[in-house]
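To convert, note that position 45 of the sequence shown is 45 in the UniProt record's numbering; the numbers rise steadily by one, no gaps.
Note that CB positions come from ideal geometry on N, CA and C, so glycine has one too.
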Amino acid sequence: MISKEKALELLHSKMQSQNLRKHCYSVGAVMRSLASRFQIPDSEAEKWYIVGLLHDGDYEFTKEDSGNHARLMASWVREIGETNEELLTGIESHGWFHQGKKPQTKMQWALFCCDELTGLIIAVTLVRPDKKLATVTVDNILSKWNQKSFAARVKREDIENCEKELDIPLKDFIQIALTAMQGVHEELGL
């Protein structure tokens, strides 16, 4: 399976935006934490991390061609010799809304649900006086939940799928994601 180092190298070669990179770092960290929540063995948890890390890696190439979003990244991963189908379909599943095939596995649903949540957590962090993830709480995030004008592009209904598809209550899901992101705060500059 592709190593973390090789995945980061690929991501950095294809993605120039520091903010998009930080988003990918966030999703990777949350995916690793979710794998732990589901008691996925460490060797498999790394796969979850890589899927999260690379899920948007082709965005700068596909923002005008959304039908190929995530597919292009999966093809780049294949080109460097990756054959693990769970990893490849995990990445491809991120573009399901363009391809008409809903997430099928726990990994795919985890990616779908946490992707939007990382954006909301960043938005909450950036409006705090200190702009530090360390001081953000689940209650801070929930206080913005029903303010649809706050982080208006965040699809809260996507995040809420955590309850039905992953059997994780929303508050717990937010805590898992927040703790994971706090663990990589230096990479995020927050």
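{"Check": "Segment contact, 8 Å Cβ cut-off, at least three pairs: the segment 3 to 21 with the segment 38 to 56", "Outcome": "yes"}
{"Check": "Beta-carbon proximity of Asp139 to His55, cut-off 8 Å", "Outcome": "no"}
{"Check": "Check whether Leu111 and Met31 have beta carbons under 8 Å apart", "Outcome": "yes"}
{"Check": "Contiguous alpha helix (DSSP H) assignments of at least 4 residues, all confined to the segment 151 to 183", "Outcome": "156 to 165 and 170 to 183"}
{"Check": "Own chain, CB closer than 6 Å to Ile168, minus 5 neighbours either side, in chain order", "Outcome": "Cys162"}
{"Check": "Pick from Leu11, Lys22, Ile2 and His12 that is closest to Glu186, judged by C-alpha positions", "Outcome": "Lys22"}
{"Check": "Beta-carbon spacing of Ala45, Ala29 below 8 Å", "Outcome": "no"}
{"Check": "CA-to-CA distance, Leu178 to Thr137, given in whole angstroms", "Outcome": "8 Å"}
{"Check": "Distance between beta carbons of Val184 and Tyr25, contact taken as under 8 Å", "Outcome": "6 Å"}
{"Check": "Sub-8 Å separation of Glu92 and Arg71 beta-carbons", "Outcome": "yes"}
{"Check": "Residue range of the unbroken alpha helix (DSSP H) whose run includes Lys47", "Outcome": "Asp42 to Leu54"}
{"Check": "Ala151 vs Leu120 beta-carbon contact at 8 Å", "Outcome": "yes"}
{"Check": "DSSP state of Gly119 mapped onto helix, strand, coil", "Outcome": "helix"}
{"Check": "Residue 240 vs Val124 beta-carbon contact at 8 Å", "Outcome": "Limits of the chain in this structure are 1 at one end and 190 at the other, which puts residue 240 out of reach."}
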